[in-house]
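Asker: Chain order of the listed sequences is A and B. Quick note: to get my numbering, add 1099 to the position in the first sequence (first position is 1). Quick note: to get my numbering, add 294 to the position in the second sequence (first position is 1).
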Amino acid sequence: MNEGLFFLFLSSGLFLGWSLGANDAANLFGTAVGSRMIKFKTAALIASVFVILGAVFTGSGASETLSHLGKINAIAGAFMVALAAALAIYWMSSSGLPVSTSQAIVGAIIGWNFYSGNPTDSDTLIEIVSSWVLCPLLSAGVAVFIFWGIKLWMKHLKVHLFRMDSYVRTGLILIGAFGAYALGANNIANVMGVFVDSSPLHALSVGEITFSKTQILFFIGGISIAVGIFTYSQNTIKTIGNNLMHMTPIVALIVVFAQSLVLFLFAFKPLKLFLDAHGLPSLPLVPVSSSHAVIGAILGIGVAKGGRNINWKIVGKIAFGWFLTPVIAAAVCFVSLFFLENVFNLSVYEG
Amino acid sequence: MFQLKLQLFSSAKTLETKIDMFHDKIIDAAMTFKKSIGEFLENGRSESFKKVNSQLRQIEHDADQLRRDIENRLYSQNLIPDLRANVLELVENQDRVINRFDEVSYQFYIERPEIPEIYHSRIRNLVEQVTDCVENMCIASRSYFRDLSLVRDYAQKVYFLEHETDLTSGHLKTAIFDSDIPLANKLQLTTIIDEIEKIADLAEDSIDRLLIFVIKRDI
């Protein structure tokens, strides 16, 4: 396939990447930048570099799971799946509903499966859907655990306020970088996962290192996330942390750490292989919503503090979004594929 | 990055030291004030009283410099962005207490009040309670920076001692007005007693604010 045409079809995925960078990266450095602990440009640079590293080096696991759900084998089909997900996200966001890119992309893939007549692997679907519930719960658990740990640490070590501030600043930068890596590793599947099977790109060797064609694709996706971070996340940062409860820098640090760890656990293949090999329960490698992980962590801390300041309406909206987002994305994808195939005469699946 | 981290930790350490030094000044001011009033009651406006009085002035001056330095560092180095307004208010409130020690001692210097000997022990007692109250305010404030769990205990002591100063000054003023000394003297003495008592009021106000800051500092 002509590579220019490929990049045209890739544009929907790149748009998703831009949107991910604009929205989700703000969760990582929002408090640090909002409270002027670090400059936006520094945060954006760190986030961008680590998102790309995570996408290229750890992004394959979650992407393989999406591939099991639906092996999208035509580039026009992949274009429409990503576009349908993007449109579903746009409509949900415009209606003020919390939305997850992961759920939109899964819905759109199912829409493609319906249209192309490919069966949807129910085991994979159950695995993915269970992760939507598990992700915020796990994030809440991790956040509570860290919250209590920090409280205990502060009580016994009697750290001076100014030294604590230095620790928090350093932590926000280091954990923010880890969070960016985890975001890239986990969420690149949402951005580029549907293009993996139809990508015409080739492996590339740089010195001793060889990058697979999937890694090149993820690198391009990573750049689109980085562009989103630089061009739009500053606006998102202004509103972060005000919706559910007021966050102190320490709480923000806990939230970012819990979110990052959960995203990493849902993307880190070696850990899953290790746990599976030893017969231990492991987490599925699936793209999960970083926003849901953040909300889970904030709620966890809210509950640990005695349930004050929690906006339970938002929790209800999220649960509603679990159902609505994939349904809308699937419907949009199904209808759009029909138009793409019959109006533009493009092949949206090969079978 | 490493350099940035080191700079961050050294700025924190410097400010930690400055805050500790500022608290030391509060204790110094309280002790020197007690010494100053004791000296006045003992020898009037003697050379030794003048010396103690100028020591107190120097402490007040040093505390002002420290306060300005702390304020500058907090803002120029962008430290504790969420809590720095609280820390500044805390330091400013406590600086007022130090200023008041100096002002009251200077008032003794200027006015040279004639204090009948029968009131000396009660005035010493009042000064003792006021300085105790301020010392506990200082410990509560130090605890705010290191160990929040202690703040409430010391705050309670401040409230107790402030109430005691109210009682002591009340009894003292009643005794003065029941006496036969000239009305002008009575008025002068009660004004000075009020000024001493106000130091404890300032400590109490500072603690009221501090307890709110504690809630904000708790994660």
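Note that the Cβ used here is the ideal one computed from N, Cα and C, for glycine as well. Just so you know, these numbers come straight off a predicted model, no measurement behind them.
Select from the region 1251 to 1267 of chain A all residues with a C-beta closer than 8 Å to any C-beta belonging to chain B, and list them in chain order.
Answerer: From the region 1251 to 1267 of chain A, only 1253, 1254, 1257, 1258, 1259, 1260, 1261, 1262, 1264 and 1265 have a Cβ closer than 8 Å to chain B.
Asker: Could you name the residues of the same chain whose beta carbon sits closer than 6 Å to that of residue 303/B, not counting the 5 residues immediately before and after it, in chain order?
Answerer: none
Asker: Helix, strand or coil for residue 1310/A, going by three-state DSSP, please let me know.
Answerer: strand
Asker: In angstroms, rounded to a whole number, what distance separates the CA positions of residue 342/B and residue 467/B?
Answerer: 28 Å
Asker: Give me the residue from 382/B, 378/B and 369/B with the minimum Cα distance to residue 358/B.
Answerer: Nearest of 382/B, 378/B and 369/B to residue 358/B, Cα basis: 382/B.
Asker: Whose C-beta lies closer than 6 Å to the C-beta of residue 1226/A among residues of the same chain, with five residues either side of it excluded?
Answerer: A distance below 6 Å between beta-carbons, with the five flanking residues on each side excluded, links residue 1226/A to the following residues of its chain, in chain order: 1383.
Asker: In chain order, which continuous runs of the beta strand (DSSP E) of length 3 or greater are located wholly inside the region 300 to 373 of chain B?
Answerer: none
Asker: Answer with yes or no whether the minimum CB distance from residue 337/B to chain A is below 9 Å.
Answerer: no
Asker: Hey, is the region 1269 to 1288 of chain A in contact with the region 1151 to 1166 of chain A, meaning 3+ C-beta pairs nearer than 8 Å?
Answerer: yes
Asker: By DSSP's criteria, residue 1303/A is part of a beta bridge. Which residues make up the other side?
Answerer: 1310/A
Asker: Can you grab the Cα-Cα spacing for the pair residue 424/B / residue 1389/A, in whole Å?
Answerer: 56 Å
Asker: According to the Cβ coordinates, are residue 1112/A and residue 1350/A closer than 9 Å?
Answerer: no
Asker: Residue range of the alpha helix (DSSP H) that residue 1200/A falls in?
Answerer: 1200 to 1215
Asker: In whole angstroms, what is the alpha-carbon distance linking residue 1237/A and residue 319/B?
Answerer: 50 Å
Asker: Helix, strand or coil for residue 1173/A? Go by DSSP, reduced to three states.
Answerer: Looking at residue 1173/A - three-state DSSP - the assignment turns out to be coil, as it is neither helix nor strand.
Asker: If you draw a straight line from the alpha carbon of residue 350/B to that of residue 307/B, how long is it in whole angstroms?
Answerer: Rounded to whole angstroms, residue 350/B to residue 307/B spans 28 Å at the Cα level.
Asker: Check each residue of the region 346 to 375 of chain B: if its Cβ is closer than 8 Å to any Cβ of chain A, include it; give the result in chain order.
Answerer: 372, 373, 374 and 375
Asker: Would the region 1257 to 1274 of chain A count as touching the region 1180 to 1194 of chain A if we require 3 or more Cβ pairs under 8 Å?
Answerer: no
Asker: For residue 1350/A, return the contacting residues in chain B, with the cut-off set at a CB-CB distance below 7 Å.
Answerer: 513
Asker: Compare the Cα-Cα distances from residue 1448/A to each of 1210/A, 1306/A and 1365/A and report the closest residue.
Answerer: 1210/A
Asker: So residue 440/B contacts chain A; which residues on that side make the cut at Cβ distance below 8 Å?
Answerer: 1257, 1258, 1259 and 1260
Asker: For residue 443/B, which residues in chain A fall below 8 Å Cβ to Cβ?
Answerer: The answer, in chain order, is 1254.
Asker: Closer than 8 Å between beta carbons: that is the criterion. Which residues of the region 1116 to 1136 of chain A meet it against chain B?
Answerer: Going along the region 1116 to 1136 of chain A in chain order, one finds 1134, 1135 and 1136 with a Cβ nearer than 8 Å to chain B.
Asker: Determine, for residue 1309/A, whether the minimum Cβ-Cβ distance to residues of chain B falls below 9 Å.
Answerer: no
Asker: Nearest by alpha-carbon distance to residue 1321/A: which of 1132/A, 1104/A and 1120/A is it?
Answerer: Checking every option, the nearest Cα to that of residue 1321/A belongs to 1120/A.
Asker: Closer than 7 Å by C-beta to residue 498/B: which residues in its own chain qualify, once you throw out the five before and the five after it? Chain order, please.
Answerer: Excluding residues within five positions, the ones whose Cβ falls inside 7 Å are 452, 453 and 456.
Asker: For the pair the region 1392 to 1406 of chain A and the region 1160 to 1171 of chain A, tell me if three or more CB-CB distances fall below 8 Å.
Answerer: In this structure the region 1392 to 1406 of chain A does not lie against the region 1160 to 1171 of chain A, because fewer than three pairs of beta carbons, one per stretch, are closer than 8 Å.
Asker: Could you work out which residues of chain B lie near residue 1249/A, taking near to mean beta carbons separated by less than 8 Å?
Answerer: 513
Asker: For residue 1177/A and residue 1329/A, which I take to be in contact (beta-carbon distance under 8 Å), what is that distance rounded to the nearest angstrom?
Answerer: About 26 Å separates the two Cβ atoms, so there is no contact after all.
Asker: Under 8 Å Cβ to Cβ from residue 1193/A, same chain only, skipping five residues before and after it: list those, please.
Answerer: none
Asker: Does DSSP put residue 1435/A in a helix, a strand or coil?
Answerer: helix
Asker: Using the three-state DSSP reduction, which class does residue 1343/A fall into: helix, strand or coil?
Answerer: Caution is warranted here: a pLDDT of 45 is assigned to residue 1343/A, below 50, making its placement in the model unreliable, and the coordinate value is therefore given only provisionally. Reduced to three states, the DSSP call for residue 1343/A is coil.
Asker: Let me know the secondary structure DSSP gives residue 1106/A once reduced to three states.
Answerer: helix
Asker: Cβ atoms of residue 1278/A and residue 1364/A: under 9 Å apart, would you say?
Answerer: For the pair residue 1364/A and residue 1278/A, the CB atoms are not nearer than the 9 Å cut-off.
Asker: Between the region 386 to 401 of chain B and the region 317 to 332 of chain B, do at least 3 Cβ pairs fall closer than 8 Å?
Answerer: yes
Asker: Tell me which residues share the same chain as residue 1207/A and place their Cβ nearer than 6 Å to its Cβ, disregarding the 5 neighbours each side in the sequence.
Answerer: 1180, 1183, 1184, 1428 and 1432
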